[in-house]
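I have placed the structure first, in the form of structure tokens, so that the comments after it can refer back to it.
2 protein chains.
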Amino acid sequence: MTPLFYREQEKFYVSVDCIILGFKEGKLYLLISKRKFEPQEGQDTLMGGFLRSDESLSETVSRVVFEYTGIQDVYMEQVGTYGEIGRDEGERVVSIAYYALIDLEMFDESVCEIHNARWEEVEKVGKLVFDHNQMLRDTIEILRKKTATQPIGFNLLPEKFTLPQLQALYEAIYQTTLDKRNFRKKILEMEILEKQDDKDKSSSKRGAFYYTFNKEKYDQLLQKGYYFSL
Amino acid sequence: MTPLFYREQEKFYVSVDCIILGFKEGKLYLLISKRKFEPQEGQDTLMGGFLRSDESLSETVSRVVFEYTGIQDVYMEQVGTYGEIGRDEGERVVSIAYYALIDLEMFDESVCEIHNARWEEVEKVGKLVFDHNQMLRDTIEILRKKTATQPIGFNLLPEKFTLPQLQALYEAIYQTTLDKRNFRKKILEMEILEKQDDKDKSSSKRGAFYYTFNKEKYDQLLQKGYYFSL
DNA sequence: GCAAAAGTGTTAGGTGTACACCCATGA
DNA sequence: TCATGGGTGTACACCTAACACTTTTGC
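Chains as they are written, first to last, in my numbering: chain A, 351 to 580; chain B, 351 to 580.
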């Protein structure tokens, strides 16, 4: 069944590596675990897995993300493919990196123990195996461009969030501070947020109103040629 | 030598597909050839090749681009990786797409005959094999974003080019028209172009001055925190 | 002399950015 | 009553976008 010409070609191990990001306490966090086999066993690594023949790439990513977080249907995007000959010291492996954005309130803490996994501040991540640091850098660069032009940051927040939370998220992604008034003006005039009646009182006495992201409204605006931009 | 855990994993065919772009007569062109083996033999296809164990991904791309254009050291960027199970009807193949920007004056016409290749206007490209149309669409989207923020368009032009040529290039990429005065003002005030003493008289009686892109000057500006933007 | 493309400045409107004070509440 | 974070409006600088005429020269 395999065409003749194909059979003359070499085959390779193909893996996915997942840059799983979460947000809490005003900081971006990366899920890191200890590598469970040689080479570099015991070193800090991204979550990864080998591609299987009954899976598309994104299915492999979903499997890996679910295994390490207990969450399904996460937002994910391809970062790029890393294919240098010596990148994996064990064997020639071509690896496709994906980032995934997680709402930490959905995260199942028990998997941390199972997999020796932990959440590390993105800004404080140390040496990871192979080219995983490069994958992380590439992810952050892509994330910065993407969050500026598409409303994907909400994937890092709970369904209901406050404007101070949202602003802190953008500040963490861009590693900068933003003017409160300008931020609120800009995000609210897009009219893609729905103000709720209740408040989050966990971080102040006065409390901050909850908002939700209205995807339908955003899609309508896209149709009319409007663009998200922050 | 191969670690035990790896040996339990499946291996896959890995290929690269190249979106080779050129620019002439105010239009973007894509290099297309006829597929030389089953399945879909004889259909229009991007230039592709299988990854070999002694090559990195970009080396494979260089080999393919050289084979089909006779040009070395081309500008190239990864577009993305396509790994759906049934995308190649012949066998499971994971394919990494790269685009390459070619100066058509360097192009060796003789390879067209050898490979049944031809330059087709990007806007008029018909059905290609597998998911190659998707790869092309993704390329154009990336190219539009990238040319707006980085000076990569020059790779599609000869060493010496005129401002009307450069403007036509941007108009072809964005599929729009630009104001001549605004365009010239913007590109010139970046001070990354060097005006030459001679003119191109092929497209008008008066002739248009040649310019060259000064990469050193651009790199210096980058250091100082300036950004290219058009 | 005329057709055809190259080249050149100004202005108005809109967008981004900087900035300071009052409000609500729990302790 | 006070400390803490939430919430609000304006003014100025800058950038973007719109716009028309003159120049050069080969035919």
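Even glycine gets a Cβ: it sits at the ideal position worked out from N, Cα and C.
Across the region 361-377 of chain A, CB contacts with chain B closer than 7 Å involve Lys361, Phe362, Tyr363 and Val364, in sequence order along the chain. Gly503/A sits in a helix when the DSSP states are folded into three classes.
Here the alpha carbon of Tyr568/B sits roughly 36 Å from the alpha carbon of Met540/A. For Gly398/A, no chain B residue has a Cβ inside 9 Å of its Cβ, as the nearest lies near 12 Å away.
Partner residues in the beta bridge of Cys368/B, as assigned by DSSP, are Met397/B and Tyr448/B.
In the DSSP assignment, Lys384/A falls within the beta strand (DSSP E) that extends over Lys377 to Lys384. Contact annotation: Ser553/B and Thr512/B have beta-carbon atoms nearer than 9 Å. Val415/A is bridged by DSSP to nothing; it lacks a bridge partner. With a threshold of 9 Å between beta carbons, Phe504/B makes no contact with chain A. Exclusion of the five residues before and after Val461/B leaves Glu417, Tyr418, Thr419, Gly420 and Ala467 as the residues of its chain whose Cβ lies within less than 8 Å of its Cβ. Looking at the DSSP output, Glu471/A bridges to Tyr379/A.
DSSP places Tyr356/B in no beta strand (DSSP E) but in the uninterrupted alpha helix (DSSP H) bounded by Leu354 to Arg357. Per DSSP, reduced to three states, the secondary structure at Thr431/B is strand.
In the same chain as Lys496/B, and ignoring 5 residues on each side of it, the C-beta atoms closer than 8 Å to its own belong to Glu427 and Ile502, in chain order. Annotated as distal: Lys535/B and Gln517/B, with beta-carbon spacing of 9 Å or more. By the CB criterion at 9 Å, Asn505/A and Asp547/A fall outside the cutoff.
Cβ contact annotation for Asp394/B (same chain, cutoff 6 Å, sequence separation greater than five): Ile382 and Leu478, in chain order. Contact note: Tyr425/B does not reach chain A at a C-beta cutoff of 7 Å; the least C-beta distance is about 17 Å. Closest in alpha carbon position to Leu580/A, among Ile523/A, Glu544/A, Lys545/A and Lys549/A, is Ile523/A. About 16 Å separates the beta carbon of Val475/B from that of Ala450/B, a gap too long to meet the 8 Å contact definition. Residue pairing by DSSP places Ala558/B opposite Asp550/B in a beta bridge. The Cβ atoms of Gln359/B and Tyr363/A lie closer than 9 Å to each other. Using a Cβ-Cβ cut-off of 9 Å, Tyr356/A counts as an interface residue toward chain B, since at least one Cβ of chain B sits closer than that to its own. Checking the DSSP bridge columns, you'll see Val424/B has no partner listed.
The Cβ neighbour count for Gly392/A, taken over all protein chains shown within 10 Å, is under 16; the residue is labelled exposed.
Taking 9 Å as the cut-off, the Cβ atoms of Ala447/A and Thr410/A do not count as close. When only Cα atoms are considered, Glu509/A and Phe387/A end up about 38 Å apart. The three-state reading of DSSP puts Val461/A in helix, counting H, G and I together.
For Lys510/A, the secondary structure class from DSSP, reduced to helix, strand or coil, is coil. With fewer than 16 neighbouring CB atoms inside 10 Å of its own CB, Gln570/A falls in the exposed class. Of the other Cβ atoms in all chains shown, fewer than 16 fall within 10 Å of the Cβ of Gln573/B; this residue is therefore exposed.
Between Glu405/A and the set Phe578/B, Lys545/B and Arg437/B, the nearest pair of CA atoms involves Arg437/B.
When secondary structure is reduced to three states using DSSP, Tyr577/A falls in the coil class, being assigned neither helix nor strand.
Taking a Cβ-Cβ cut-off of 8 Å, Thr497/B has no neighbours in chain A, whose nearest Cβ is about 14 Å from it. Between the C-alpha atoms of Gln515/A and Arg487/A there is a straight-line separation of about 24 Å. Annotation: Cβ neighbours of Leu407/A in chain B (cutoff 9 Å, chain order): Thr431, Tyr432, Gly433, Glu434 and Val444.
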